[in-house]
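Notes to accompany the following structure.
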Amino acid sequence: MNLIAKPSKENIKTYVPIGLSLVSLSILDVFVNAFFNFNLMAFLPSALSYFLPLILGFTGFYLIRIEFSGARSLDILNKNINSNNFNALLTLFTIFIIIKSIPPMLDWFILDANFVGNSKDDCTGDGACWVFIKVWFNRFMYGLYPDAEQWRINTAFLILFAVVGASFFVSEKLKKYFILFLVFVFPFLGIKLISGGSFGLEYVESAAWGGLSLTFIISAFAILFCFPIGVILALGRRSSLPAIKYISIGFIELWRGVPLITVLFMSAVMFPMFLPDGTFIDKLIRVLIAITLFEAAYMAEVVRGGLQALPKGQYEAAKSLGMGYWRMNALIILPQALKLVIPGIANTLLALVKDTPLIFVVGLMELAGMIGLAKTNPKWLGMAMEGYVFAGLVFWVICYAMSRYSQNLEKKLSTER
Amino acid sequence: MIFKKFNIENKKARDLIPQAITVLALLSVIVYFATNAQINMGNRGISFGFGFLNQEASFDITFSMIEYDGSHSYGRAFLVGLLNTILVSVIGIFFATIMGVIVGVSRLSDNYLIAKVAEWYVEIFRNIPLILQIFFWYFAALRALPLPENGISFYDISFLTIKGWYVPKFIWTNFNIFLLSIIAAFIAIYFINSYATKQREQFGKQIPTLIISFLTLILIPLITFLFLGVSLTFEYPVLKQLSPTVFTYAGGVSIIPELIALALALSMYTATFIAENVRAGILGVGKGQKEAAASIGLNKNQILKLVVMPQALRIIIPPTTNQYLNLTKNSSLAAAIAYPDIVLVFAGTALMQTGRAIEIISITMLTYLTLSISISIFMNWYNKKMAIKEK
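Sequence order for the protein chains is D and S.
In this text, residue positions in the first sequence follow the working numbering: the first is 163, and each later residue adds one.
In this text, residue positions in the second sequence follow the working numbering: the first is 77, and each later residue adds one.
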């Protein structure tokens, strides 16, 4: 019975080549089958040929599972994907599923997709109709904003990116002014530029804004305002003054307890009832207030976590230096507390960006809303898949970049060695 | 002079000023809003009140778990919406938990491929807005399903089509007895477990409680089937021709595509967050704990059951409850694809018909608030119970 001895260092010379070729054969079989629709094992009964790659691969993996073989690459392979029978099976399944799913995806995204043309009739392939995205691209980015005026949005964002980009290269002292400009001057400058109405710029009402640029505008403003409000609420919740403390708790829990969509509904249908008859607040501003207050409540809880994590000694030390409440918080407590909760802050901001599509409930259309509009256009019916895949990709890139940036920031600011 | 005196000598008075200002500001805002609301409602000739809840709703709801049609009241419509919200939340929580645990454990797998796949699952689904995922499933993926006449059949008892998923209907006789038997089984399991704990602590006897509990849960309901006249039959969906080209299924239960899309998106999205909680929880149990447990002779299963899990759960459960809460609140996105949840039925249709914005939005928000607060009370109770009791 020495023929099927347990794989070990003695028979490594025979087992490893056999095992590796079995594994390669099984992967090759699935690969050829998936990509070229050709069954290598067609000469076998169908039931057997169906399971054969699995059996071959499994046997192969069993044969090469040699502990302390001495061959470094083999050991790494075994440790990572082939540590026992169960793992070998999981590995095979994963590889097979990945190989199997590549061709249909590739077909849909690229090979069978249509890129050229300017109407739905140009989409003849079975794959995606990227013409749809191409034709509507302008709308997806700028909404219903007049074509001739779109340079204003571009300019606003170019200034933003230029200032942000430049602030990475200038000295610390100048950086402060850059940040002050970004926080206190630019938002109003940018909004004026986009909405117009003065300096000879044509007025564009906010109902016409839309697309990805609206996503950015809303996110930027909400982030700008929700952060300070959140910090104040967090301090309020930790305050020793009962009235302030309980009002803060009530405020925070109220917003955290309800879904954003009902808050937006409220801003759309209930809030106008609370204003004197005839007063009209722009829809966009109402939405901005709603989103800002909603996210500020979440921000407050994150910041509170940081405040609670600081040792009491920090407070006592600051007080013993004769600092008052605001100086203590601004100079000693908050810089440390905020640094502790960077991941939480980043998550809240991410949630904010991901929540912006919800403004469709009040009739504002950012990227997802514009796609909803485009896919119901009689000339472009049946384009939902392309549209939502595109929107998903855009949002994914933004959110993934944000989460990566926050991870880097966390590492950079970490004072622990 | 008088301010200086306040500042230095009288701390109580000094504390009073900011509080008084805040309360006054809040009160004046409330009063301002309330007067405006009163004037506005007066102008429109509507008065504040909840009497409309008893009026006839006269609109239909596509999917209801209780008997409902247009002749029922707005109150009943509210209940239908609430039940639909709870239904999709429970389904979502169930699948999100299962998927979250699987993905979370997979991320820690020593199999490189599995760990990477799980990691990418989390990175992809966490970073795409939930509403887009719902739209994707509803408008893109589920619309690609076949028409009823060539629906995807599962052994001819269940059919997946563009109009929904048709599954067999359960028809019970004496369902109450069955329900009682399940409750009885749970009570029995509780006593068995407390007896087993006592035996273990006093005499060091190990009783296989898991197997016994499982058997009890099967046996007691089984008895009701055999002796107490409980029976269960299935009504299968059957293809029916309405007109030469229109087909549908008769019988069975139809699960509408809105519910499928919503439950799918909610559970796949929330699973990524639960997976991260599970991973953090398992990583949070120190290596020393496992080694210590192994060194006093516990075997692998005992280590997992008695040492790792209780500690990991303590880390996992609080943030996971939060995720359940988020899922419930996110289920309100149902309004976007017309799944008749509380927001769509009540804050949408009912509001349009009655125009009672203040009452309806308040009721809707209060409902969610009640749900949230009751879950957080439960969570605090659980945290206290699970907290390490330090001597």
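Each residue gets a CB set at the ideal place from its N, CA and C atoms; glycine is no exception.
All values reported here derive from a predicted model rather than from experimental measurement.
Provide the residue span of the beta strand (DSSP E) that contains S/Met204, from first to last. Your numbering for residue 204 of chain S matches position 128 in the second sequence. Sequence inspection shows Ile at residue 204 of chain S; the Met mentioned does not correspond to that position. That residue, S/Ile204, is in no beta strand (DSSP E); it is neither H nor E in DSSP.
Status (buried if at least 16 other CB within 10 Å, exposed otherwise) for S/Lys81: Looking up residue 81 of chain S in the second sequence gives position 5. Confidence in S/Lys81 is poor, its pLDDT being 49 and thus under 50, which makes the residue's placement too unreliable to answer from.
Interface positions of the stretch 410–435 of chain S facing chain D (Cβ-Cβ less than 8 angstroms), listed along the chain: When C-beta distances to chain D are compared with 8 angstroms, the residues of the stretch 410–435 of chain S below that value are Ala411, Ala412, Val419, Ala423, Leu427, Ala433 and Ile434, in chain order.
Just how far apart, CA to CA, sit D/Met490 and D/Tyr477? Mapped onto the first sequence, residue 490 of chain D falls at position 328. Mapped onto the first sequence, residue 477 of chain D falls at position 315. Distance between the alpha carbons of D/Met490 and D/Tyr477 is about 7 angstroms.
List, in order along the chain, the chain S residues whose C-beta lies closer than 8 angstroms to that of D/Trp558? Looking up residue 558 of chain D in the first sequence gives position 396. Per Cβ cutoff of 8 angstroms: Ile200, Asn203 and Ile204.
CA-to-CA distance, S/Pro94 to D/Ser482, given in whole angstroms: Here residue 482 of chain D refers to the residue found at position 320 of the first sequence. Here residue 94 of chain S refers to the residue found at position 18 of the second sequence. Roughly 24 angstroms between the two C-alpha positions.
Given a cut-off of 9 angstroms on the beta-carbon distance, is the pair D/Ala513 and D/Val465 in contact? Within the first sequence, numbered from 1, the residue matching residue 513 of chain D stands at position 351. Within the first sequence, numbered from 1, the residue matching residue 465 of chain D stands at position 303. Going by C-beta atoms, D/Ala513 is not nearer than 9 angstroms to D/Val465.
By a C-beta neighbour count over all protein chains shown, 10 Å radius and 16 as the cutoff for buried, is S/Val107 buried or exposed? Here the question's residue 107 of chain S lines up with position 31 in the second sequence. When all chains shown are included, S/Val107 counts as exposed.
Would S/Asn459 be called buried (16 or more neighbouring beta carbons within 10 Å of its own) or exposed? The residue you call residue 459 of chain S lines up with position 383 of the second sequence. So S/Asn459 ends up on the exposed side.
With a cut-off of 8 angstroms, do at least 3 Cβ pairs link the stretch 145–152 of chain S to the stretch 378–393 of chain S? At 8 angstroms Cβ cutoff, the stretches do not touch.
Could you check the C-alpha separation between S/Trp457 and D/Leu216 for me, to the nearest Å? Within the second sequence, numbered from 1, the residue matching residue 457 of chain S stands at position 381. Within the first sequence, numbered from 1, the residue matching residue 216 of chain D stands at position 54. Rounded to whole angstroms, the separation of the alpha carbons of D/Leu216 and S/Trp457 is 49 angstroms.
Looking at the structure shown, is S/Trp241 part of a helix, part of a strand, or coil, going by DSSP? Counting from 1 along the second sequence, the entry for residue 241 of chain S is found at position 165. Note: S/Trp241 maps to strand in three-state DSSP.
For D/Pro477, report the span of its alpha helix (DSSP H) as first-last. For the purposes of this step, residue 477 of chain D is identified with residue 315 of the first sequence, where counting begins at 1. In the sequence as presented, Pro is not what sits at residue 477 of chain D; that position holds Tyr. Residues Lys474 to Ser482.
Going straight from the alpha carbon of D/Val325 to that of D/Glu334, what length do you get? As a working mapping, residue 325 of chain D is identified with position 163 in the first sequence. As a working mapping, residue 334 of chain D is identified with position 172 in the first sequence. Here the alpha carbons of D/Glu334 and D/Val325 stand approximately 14 angstroms from one another.
Label S/Trp248 either buried or exposed according to how many other C-beta atoms from any shown protein chain fall within 10 Å of its C-beta, with 16 as the threshold for buried. Here residue 248 of chain S refers to the residue found at position 172 of the second sequence. Counting Cβ neighbours within 10 Å, S/Trp248 comes out exposed, since fewer than 16 surround it.
Check the DSSP bridge columns for S/Glu311 and list the partner residues they point to. On the second sequence, position 235 is the one that residue 311 of chain S refers to. DSSP lists S/Lys245 as the beta-bridge partner residues of S/Glu311.
Taking Cβ-Cβ distances shorter than 9 angstroms, what residues in chain S pair up with D/Ser565? As a position in the first sequence, residue 565 of chain D is number 403, starting the count at 1. Per Cβ cutoff of 9 angstroms: Glu199, Arg202 and Asn203.
Can at least three beta-carbon pairs, one atom from the stretch 376–394 of chain D and one from the stretch 453–465 of chain D, be found at a separation below 8 angstroms? In the pairwise beta carbon analysis, the stretch 376–394 of chain D is classified as touching the stretch 453–465 of chain D: at least three pairs are separated by under 8 angstroms.
Throw me the rounded Cβ distance for the D/Phe223 and D/Val185 pair, which I believe falls under 8 angstroms. Taking the first residue of the first sequence as position 1, residue 223 of chain D is located at position 61. Taking the first residue of the first sequence as position 1, residue 185 of chain D is located at position 23. Yes, D/Phe223 and D/Val185 are in contact; Cβ-Cβ is about 6 angstroms, under 8 angstroms.
Taking Cβ positions only, does D/Leu403 come closer than 9 angstroms to chain S? Within the first sequence, the letter at position 241 stands for residue 403 of chain D. At least one chain S Cβ lies under 9 angstroms of D/Leu403.
DSSP-derived helix/strand/coil call for D/Val278: Counting from 1 along the first sequence, the entry for residue 278 of chain D is found at position 116. DSSP, reduced to helix, strand and coil, places D/Val278 outside both helices and strands of the structure shown, so it counts as coil.
Please classify D/Asn539: is it buried, with 16 or more other beta-carbons within 10 angstroms of its beta-carbon, or exposed? For this step, residue 539 of chain D is matched to residue 377 along the first sequence. Its Cβ having fewer than 16 others within 10 Å, D/Asn539 is exposed.
Can you name the residues that DSSP bridges to S/Lys316? By one-based count along the second sequence, residue 316 of chain S stands at place 240. For S/Lys316, which the question treats as bridged, DSSP gives the partners S/Thr324.
8 angstroms CB neighbourhood of D/Ile495 in its chain, flanking five on each side removed: The residue given as residue 495 of chain D occupies position 333 in the first sequence. Exclusion of the five residues before and after D/Ile495 leaves Leu469, Leu472, Gln476, Tyr477 and Ala480 as the residues of its chain whose Cβ lies within less than 8 angstroms of its Cβ.
Output yes or no for whether 9 angstroms exceeds the beta carbon distance between S/Pro313 and S/Ser234. Translated into the one-based positions of the second sequence, residue 313 of chain S becomes position 237. Translated into the one-based positions of the second sequence, residue 234 of chain S becomes position 158. S/Pro313 places its beta carbon less than 9 angstroms from that of S/Ser234.
Are the Cβ atoms of D/Phe319 and D/Phe552 separated by less than 9 angstroms? On the first sequence, residue 319 of chain D is found 157 positions in, with the first residue counted as 1. On the first sequence, residue 552 of chain D is found 390 positions in, with the first residue counted as 1. Not a contact, by the Cβ cut-off of 9 angstroms.
Three-state secondary structure (DSSP) at D/Phe230? Taking the first sequence and counting its residues from 1, one reaches residue 230 of chain D at position 68. DSSP places D/Phe230 in the coil class of the three-state scheme, outside both helix and strand.
Contact between the stretch 410–423 of chain S and the stretch 364–380 of chain D: three or more CB pairs below 8 angstroms? Judged by Cβ distances under 8 angstroms, the stretch 410–423 of chain S makes no contact with the stretch 364–380 of chain D, as fewer than three pairs qualify.
Give the secondary structure of D/Gly506 by DSSP, where H, G and I count as helix, E and B as strand, and everything else as coil. Position 344 of the first sequence, counting from 1, holds the residue named residue 506 of chain D. Helix, per DSSP.
Interface partners of D/Ile406 on chain S, CB under 7 angstroms: Start at 1 with the first residue of the first sequence, and residue 406 of chain D comes out as number 244. What D/Ile406 touches in chain S: Pro94, Gln95 and Thr98.
Here's the rule: buried if 16 or more other CB atoms are within 10 angstroms of the residue's CB, otherwise exposed. What is D/Ser188? If you number the first sequence from 1, residue 188 of chain D lands on position 26. Burial check for D/Ser188: the Cβ neighbour count within 10 Å reaches 16 or more, so the residue is buried.
Below-9 angstroms beta-carbon distance, S/Phe454 vs any chain D residue: Here the question's residue 454 of chain S lines up with position 378 in the second sequence. Not closer than 9 angstroms to any Cβ of chain D, the Cβ of S/Phe454 fails to qualify, so no.
So, helix, strand or coil for D/Glu528, using DSSP? To locate residue 528 of chain D, count along the first sequence from 1; it is residue 366. DSSP places D/Glu528 in the strand class (E or B) of the three-state scheme.
Just to confirm the assignment: which complete alpha helix (DSSP H) runs, minimum length 4, are found wholly within the stretch 417–491 of chain D? For the stretch 417–491 of chain D, whole alpha helix (DSSP H) runs of length 4 or above, ordered along the chain, are 422–427, 445–471 and 474–482.
Could you please give me the residues that DSSP links to S/Ser330 through a beta bridge? Locating residue 330 of chain S in the second sequence gives position 254, where the first residue counts as 1. S/Tyr242, per the DSSP bridge assignment.
Are the beta-carbon atoms belonging to S/Val383 and S/Val361 less than 9 angstroms from one another? Here residue 383 of chain S refers to the residue found at position 307 of the second sequence. Here residue 361 of chain S refers to the residue found at position 285 of the second sequence. Cβ distance < 9 angstroms, so S/Val383 and S/Val361 count as in contact.
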